[in-house]
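S.K.:
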Amino acid sequence: MLQWRGMNSRASSGPSFEVFLSFRGPDTRHGFTDCLYHSMVAAGILVFRDDESLRVGERIGGELLQAIEKSKIYIPIFSTNYASSHWCLRELAYMVECASKSNGNKEILPIFFDVEPVDVKLKTNLYRQNLSQIQNTFRTEVKSWEKALIDVGKIKGWNLKKDEGQGNLIQSIIQAVLAKLNVSYKNVTEHLVGVDDRVDAIIKMLDVKSDSVQFLAIHGMGGVGKTTLAKVVFNRLSSQFQCSNFLSDVRESSERHGVVYLQKQLLSKFLDSRSVNQIHDADGGINMIKRVLSNKKVLIVLDDIDEEKQLKSLAAKENWFGSGSRIIVTTRDKSVLKIDGEPTGEGPLKSADISTYEVQEMEFHHAFKLFSRHAFRRDSPPDDYVSLSEKVVSTLGKLPLALEVTGSSLSSKSKEFWVDTLKKLGKAPSKEVQKTLMITYERLDDAQRQVFLDIACFFVNEDKTYPFYMWDDCECFPNNAIEVLCLMSLIKIKDDNTFWMHDQVRDLGRAIVREENFKDPCEHSRVWNHQEALSILKQKEGSRKIEALSLGYRGDILTHDEVANLRNLRFLEANGVFLVGDFNNLLSNLRWFSWRWCPHEFVATNFHLANLVVLDLSHSYVSEKWIGWNQIRVATKLKVLDLSNCEYLMRIPDLSTLVSLERLILEGCRNLIAIDPSIGKLKLLTTLNLKGCDSLQELPEEIGCLQALTEIVMPNTLLELPRTFGNLRSLLTLDVSHRLISKLPYSIGGLVKLRRLNLSGCTMIEELPDSFGKLQSLVELDLSLTSLGHLPDSIGNLEQLKILRMTRISQITKLPSAIWLMEKLEELDASRCYHLTGEISNEIGRLSCLRILDLSYTGICHLLDSISNLKQLKVLRMRCIQGITKLPSAIWLLEKLEVLDAKGCGNLTSEIPEEIGRSRILDLSWTKISGLPTTMIYLSSLQKLTLESCPKLKQLPELPPSLTCLVWTHNSTFGSPASFYFTRMSYELETVTALPTSVGTLSQLETRILSSKNLQFLPQPPSSIRELKLENLVIGQPLGCADLKILSTLASNEDRNPELSGVYGAEFEKVYMLGCTRRRLNAVFELKMKRLASLMLFRCEFFPFKLNLLHMKNLQEVGLYRCQLLVMICGLEELESLSSLVVRNCRSIEWMSDLLRLRKLRSLKVGGCPRLRRVEGLNHLESLKRLWIHDRGRLDILADTSNLDLDCSEIVHCSRLPDRRNCCKLGRGCYCETLFERL
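Under this note's numbering, think of the first position of the sequence shown as 251, with each following residue one higher.
Now the structure itself:
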């Protein structure tokens, strides 16, 4: 296999290499040579590594010949058995010949690996014996081999003993090679792990082939590896530019010496010192940079930028640099990229012109490998250190800096030292890591620091909405603070609106709080440890310094004496506690009180929280008669009241005194039947959530008085909207999907600010009121699955509408002409309107903004050429339209069309025309097309081509190199397009018996899906393959797939493939098996499984078996589904990293090992296992959040789970449980009534 990096050309074009490595595989391939090769690649050197698959016949030829001829430097690695390989000797002789004819342009740099130069010069018996053994076979060549050995043995090279350290030598070799190639180079660690994919992504973003000037910012938190990535990218690319410069530590240099010094450093690579010293101020430096670099193609890296002025002074504008230049910056703070409006000169660089790449945390297996290299100088720890190493890596949070520092500090240390270190790391990051992270923290102002520390101590993985109200009332300016924290990579806001913070950053924040008074938690500003908080309260030791305190869930009594000293407390989490005593003038500064699982009894007096803005009473036992309402009503500043999942609440009490209330959350109050009319007095209410209020059928007319309401979430049981609903003039979103509503009130036209309306699934709605056209702010409308017979003409007045979905409206027979008036429409989905027939009107051409058009499963018979006017159209879906016989030629004129899906158009018979547009995804499956044009090769954007069941399509033309996924099924022949470069291919060829060997040269291939009952031969896949899916497939020969991470194997009862042991060299991370027999199952479990993280077995039911997971200690996810003859699961107790366990419908299982040690288990699902008698150790699963157990009466033991903090649980049909009172606390997030119904 041809192996090189950084080249996009095809093999046939003969790329020029810089270095040719010659070595004997069995001696050094998987050790020194592999390290040298990857280090050279990281340094940007175009290196060819010889491979046995290229050695065909008895002569050097083809790709191997080209590689030697076009390389500039030859590096033979002489090892003990090098001279026993006639191929190595042939290569050496040819290298000597090429170098001698090159007039000094080619050079040989030998490495003597565990041999001496005298051995190579044939002055000892080592190589002489090897030559004598092959003398008779290669008599005519031996003389030239001997001469080549002697000549190269005289060249000064590098000596390395087998047991010596290799890192320094490799760096020395790279430096020498780069010096001879005259290439700039930045030193990078020899322990590079997991950077290849990231570097490839960055290089792809830089698009070095483009002539435009491009800027790229690599951003992320401190210690995450930004500089390392920038160095590797610089090393790989610098040889492709006229000039290059890597400016290190810009932040520190700027602080010490100023920006003029940085300007001089930047220009020092392009000018002599005399010229550089003529710069005396920043403006002079800017003028010099423009004058010198404006006509040069340069690569510049500005490492660790932290102020706008640095970028403005060094690289503010594109026109400072020559065509094709690339400017890379690394930064912790994205806000420094906002340099819009830079005053000097023309064409200021805008932040929108700077591409950004965020460095994410490492995957666990990469983090584990990096840590091992520093701690043990190898890729994995000794067996007796595996568990400790995993705990350390988990504690460090996969931050490269922390892994390197901690790993090095633990190297060669005793286990006792490791255990002590692990304890320390649990409390605070190492000093060196903390120092790095503190650089960012110290740039925050006081308000931003308060917000940061609050998040670190209390709000990681919590919704951001409620904290905002508290911070705003405390004048911490949360919008500004959160923006800054995000820009500085200290936090992220996840898709679910929750805070994310790296473990090391969280630990830094908590360490800062601890350092306020290391020995006395009473002097800390924040107390998040439940035991410390309880101790402070019970001993009445609180102080004015405590601002926030969390008790977690205790069910204890909290008296007024215990909080008497907490005068400045603004946040209190005391879930499930009983308040006792007189709280007069106490907790006067409290802004947020989380009192979930609040008891029905209320005995506290004078509980007046005048400054309270957030009150969380979710999951509580309160009713409308609860005494506490009288004291809650005093909180006139209250803005958030959360009563979600209060199942005893049947009516909302009078809340009219809460005049500041903005959010009222009633989600999950399933017994709520009425809302008090006083709700109309909440003039500032913006959010009303009634989701899951399944007993509520109507809303009071007073709802129309909520003039500030922007969001209302309706219950499914609502029968109609009140007549006053149209008065909600601030409403932005209305979702009444799948409700029992039969009509909309005429007043709905009054929702003048409404932007999104979802009526999907309202099957009883047959018409829309004429006032519908007054919703002139409407941007998105979903009418799917309604019973509308027509759309009103007034719908054409919705001039702002961008998205119209009307799928599955069976009564619609034609699209109303009013639709063509919506000139801002971007998406029109009329799929599965089965009675929609005829032609699409020519008027469709008026929708000039349309990006997505879906007419699938309709009776449309013809698309007119006016579709060519849809200049913005990107996606055209027309699946299973049987009336379509020909695609209009106008389709191929749509320059922005990316997706064309004509799957299932069974009467589509014509050939595809030569002019076929610029599609990225093309699906012509289940059609009768007979051919694809030869111009397919020019579809430079095509990534996925799907051709399932095209019986008339006999052969493929040559396909473009951009193609990453090809699916072609049920064909009798297989064409051999030249030189595919795919990252994903799917062959499902029912009748094919062989694939061309050329598919084995796909150096980009990562995923292969193969399904064929008749395929007899599978070519050797490339070593880069990461995912292999085998369906009913025979593999007759070993497969070397060193990078293979995912194996999916699906087999019938006629399992013919026990040879999976032939998949050698891989360490699997995921294995999925469906319907496998004993032989297949045993074959898979004989593979390397130490790194296995996910194991899924589906319907492996052909034989009784026991599942032994004992040696799979990295497993994080196990799923066993319908394995009917599985009788036992062993080794579960060893899976300390397991986070998810599912055992479903395994009807023969009788025993599974104790769950006691599964401290990281977050989700457990057991059901349909009638013979299972015991589930032990549940009460020790401290991380468990989701519990799902369905049983039919035989489950004997379910431990007391009252100590668990579950988000969701469901327990059904369990008749043999412990004390039901302990089970009452099971599933605080989802009360489990089914349990008690069965008791």
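Glycine is no exception: its CB is placed at the ideal position from the N, C-alpha and C atoms.
Taking C-alpha atoms, which residue in 505, 518 and 477 lies nearest to residue 498?
M.R.: Closest option to residue 498, Cα to Cα, is 477.
S.K.: Give the DSSP-derived three-state secondary structure of residue 1181 in the structure shown.
M.R.: Note: residue 1181 maps to coil in three-state DSSP.
S.K.: What alpha helix (DSSP H) runs, 4 residues minimum, are completely inside the region 352 to 378?
M.R.: Fully enclosed alpha helix (DSSP H) runs of 4 or longer: 367 to 370.
S.K.: Is residue 691 closer than 8 angstroms to residue 758 when the C-beta atoms are compared?
M.R.: A contact, by the Cβ cut-off of 8 angstroms.
S.K.: Just to confirm the assignment, what range does the beta strand (DSSP E) spanning residue 683 have?
M.R.: Not the beta strand (DSSP E): residue 683 falls in the alpha helix (DSSP H), residues 681 to 691.
S.K.: Of the residues 1100, 1175, 1099 and 1097, which one's Cα is nearest the Cα of residue 1131?
M.R.: Among 1100, 1175, 1099 and 1097, the Cα nearest to that of residue 1131 belongs to 1175.
S.K.: Can you tell me whether residue 843 is buried or exposed, with buried defined as 16 or more other CB within 10 angstroms of its CB?
M.R.: So residue 843 ends up on the buried side.
S.K.: Given this structure, state the Cα-to-Cα distance separating residue 579 from residue 526, to the nearest angstrom.
M.R.: For residue 579 and residue 526, the distance between alpha carbons rounds to 22 angstroms.
S.K.: Who are the Cβ neighbours of residue 830 in its own chain at under 8 angstroms, not counting the five residues just before and after it?
M.R.: For residue 830, where only same-chain residues beyond five positions count, the Cβ hits under 8 angstroms are 807, 808, 809, 810, 853 and 854.
S.K.: Using the C-alpha atoms, what's the distance from residue 939 back to residue 735?
M.R.: Whole-angstrom Cα-Cα distance: 30 angstroms.
S.K.: Are the region 265 to 279 and the region 319 to 333 touching by the rule of at least three beta carbon pairs closer than 8 angstroms?
M.R.: Yes, the region 265 to 279 is in contact with the region 319 to 333.
S.K.: In whole angstroms, what is the alpha-carbon distance linking residue 1041 and residue 1423?
M.R.: The alpha-carbon atoms of residue 1041 and residue 1423 are separated by roughly 59 angstroms.
S.K.: Have a look at the DSSP bridge pairing and note the partners of residue 578.
M.R.: Paired residues: 466 and 551.
S.K.: Helix, strand or coil, according to DSSP, for residue 344 in the structure here?
M.R.: Looking at residue 344 - three-state DSSP - the assignment turns out to be helix.
S.K.: Counting only the same chain and skipping the five closest in sequence on each side, list residues whose C-beta sits under 6 angstroms from that of residue 1207.
M.R.: Cβ within range, chain order: 1182, 1184 and 1186.
S.K.: Helix, strand or coil, according to DSSP, for residue 1326 in the structure here?
M.R.: If DSSP states are grouped into helix, strand and coil, residue 1326 belongs with coil.
S.K.: Nearest to residue 509 by CA position, among 1083, 565 and 612, is which residue?
M.R.: The shortest Cα separation from residue 509 among 1083, 565 and 612 belongs to 565.
S.K.: For residue 1046, which option in 1096, 1034 and 1012 has the closest C-alpha, if you only look at C-alpha atoms?
M.R.: With distances taken between Cα atoms, residue 1046 lies closest to 1096.
S.K.: Which residues in the same chain have their Cβ closer than 6 angstroms to the Cβ of residue 884, if we skip the five residues on either side of it in sequence?
M.R.: Taken in chain order, the residues that qualify are 858.
S.K.: Assuming contact is defined by CB atoms lying nearer than 8 angstroms, are residue 1147 and residue 1126 in contact in what I supplied?
M.R.: Contact flag set, yes.
S.K.: In terms of residue numbering, what span does the alpha helix (DSSP H) encompassing residue 542 cover?
M.R.: Taken as a continuous stretch (DSSP letters only), the alpha helix (DSSP H) holding residue 542 covers 532 to 543.
S.K.: How about residue 606 and residue 651: do their beta carbons lie closer than 8 angstroms?
M.R.: Against a cut-off of 8 angstroms, the Cβ pair of residue 651 and residue 606 comes out as no contact.
S.K.: What's the C-alpha gap between residue 688 and residue 703?
M.R.: Roughly 13 angstroms separates the two Cα atoms.
S.K.: Taking all protein chains shown into account, do 16 or more other C-beta atoms lie within 10 angstroms of the C-beta of residue 449, making it buried, or fewer, making it exposed?
M.R.: Result: buried.
S.K.: Quick one: give me the first and last residue of the alpha helix (DSSP H) that residue 728 is part of.
M.R.: First-last of the alpha helix (DSSP H) with residue 728: 728 to 737.
S.K.: Beta-carbon separation of residue 950 and residue 927 under 8 angstroms?
M.R.: Yes; because the gap between Cβ atoms is below 8 angstroms, this pair is in contact.
S.K.: Keeping to the same chain, check which residues put their C-beta closer than 7 angstroms to that of residue 1170; ignore five residues upstream and five downstream.
M.R.: Counting only Cβ-Cβ distances below 7 angstroms, and skipping sequence neighbours, we find 1148, 1149, 1191, 1192 and 1193.
S.K.: Helix, strand or coil for residue 1137 per DSSP?
M.R.: In this structure, residue 1137 counts as coil in the three-state DSSP scheme.
S.K.: Which runs of the beta strand (DSSP E) at least 3 residues long sit entirely within the region 890 to 919? Give them in chain order.
M.R.: 890 to 892 and 913 to 915, all fully within the region 890 to 919.
S.K.: What is the DSSP secondary structure of residue 845, counted as helix, strand or coil?
M.R.: In the structure shown, residue 845 sits in coil (DSSP, three-state: anything other than H, G, I, E or B).
S.K.: Return the Cβ separation of residue 489 and residue 431 in integer angstroms, given the expectation that the two are a contact with Cβ distance under 8 angstroms.
M.R.: With 8 angstroms as the limit, residue 489 and residue 431 qualify as a contact, their Cβ atoms being about 7 angstroms apart.
S.K.: Which residues in the same chain have their Cβ closer than 7 angstroms to the Cβ of residue 519, if we skip the five residues on either side of it in sequence?
M.R.: Around residue 519: 493 and 495.
S.K.: At the level of alpha carbons, what is the spacing between residue 892 and residue 937?
M.R.: Using only the alpha carbons, I get a separation of about 11 angstroms.
S.K.: Determine the extent of the alpha helix (DSSP H) in which residue 1367 is found, giving its start and end residues.
M.R.: Unbroken run through residue 1367 is the beta strand (DSSP E), 1367 to 1371; no alpha helix (DSSP H).
S.K.: Compare the beta carbon distance of residue 981 and residue 965 with 8 angstroms and say whether it is the shorter of the two.
M.R.: In this structure, residue 965 does not lie closer than 8 angstroms to residue 981 by Cβ.
S.K.: Give every residue of the same chain whose Cβ lies closer than 8 angstroms to the Cβ of residue 1359, excluding the five residues on either side of it in the sequence, and list them in chain order.
M.R.: Cβ within range, chain order: 1345, 1365, 1368, 1379, 1380, 1381, 1382, 1384 and 1385.
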